[in-house]
Amino acid sequence: MFNPLKTLESLFSSSDTQTVPNFSAPLFGVNATDKERQALVDQPIQPGAPGRVKFQGSWWPARCEKNLRLMQGEIVRVVGVRNITLLVEPVSSLQF
């Protein structure tokens, strides 16, 4: 049975700060290919500071949890999400 209070509670619980390694809709399904998980860095991502990526046609804030600097034009792989910020890692030195 649908419980609207439980739904609201889950929206505002502390779980929104956890890293979610496996995505579900609307980002992409469990069987997403590596290509579907790729994003393009639009604003540089510095260690400890977010930047911005283009992912599936939309702009998202993004952060890399590794001590890496990701430059504009780099292809990255989305590995998680925290609130509305995508967690990314470099894929290769190729550019779009």
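For the sequence shown, the numbering used here begins at 10 and goes up steadily by one.
Ideal Cβ positions, reconstructed from N, Cα and C, are used throughout, including at glycine.
With DSSP run on the structure shown, which of helix, strand or coil describes Glu98?
-> Annotated three-state conformation of Glu98 is strand, per DSSP.
List the DSSP bridge partners of Val62.
-> Beta bridge pairing from DSSP links Val62 with Val50, Trp69.
Classification of Ala116 by the beta-carbon crowding that lies within 10 angstroms, buried from 16 upward | Because the chain is modelled from 10 through 105, residue 116 falls outside the range shown and cannot be assessed.
DSSP three-state assignment for Glu83, whether helix, strand or coil | Note: Glu83 maps to strand in three-state DSSP.
Keeping to the same chain, check which residues put their C-beta closer than 8 Å to that of Arg72; ignore five residues upstream and five downstream.
-> Within the same chain, Arg72 has close Cβ partners Ile54, Ala58, Pro59, Gly60, Arg91, Thr94, Leu95, Leu96, Val97.
Would you grab the beta carbon distance between Gln47 and Gln81 for me? Rounded to a whole angstrom, and I think it's under 8 Å.
-> The beta carbons of Gln47 and Gln81 sit about 15 Å from each other, so the pair does not count as a contact at 8 Å.
Where DSSP assigns a beta bridge to Gly57, which residues make up the other side?
-> Answer by DSSP bridge pairing: none, since Gly57 is not bridged.
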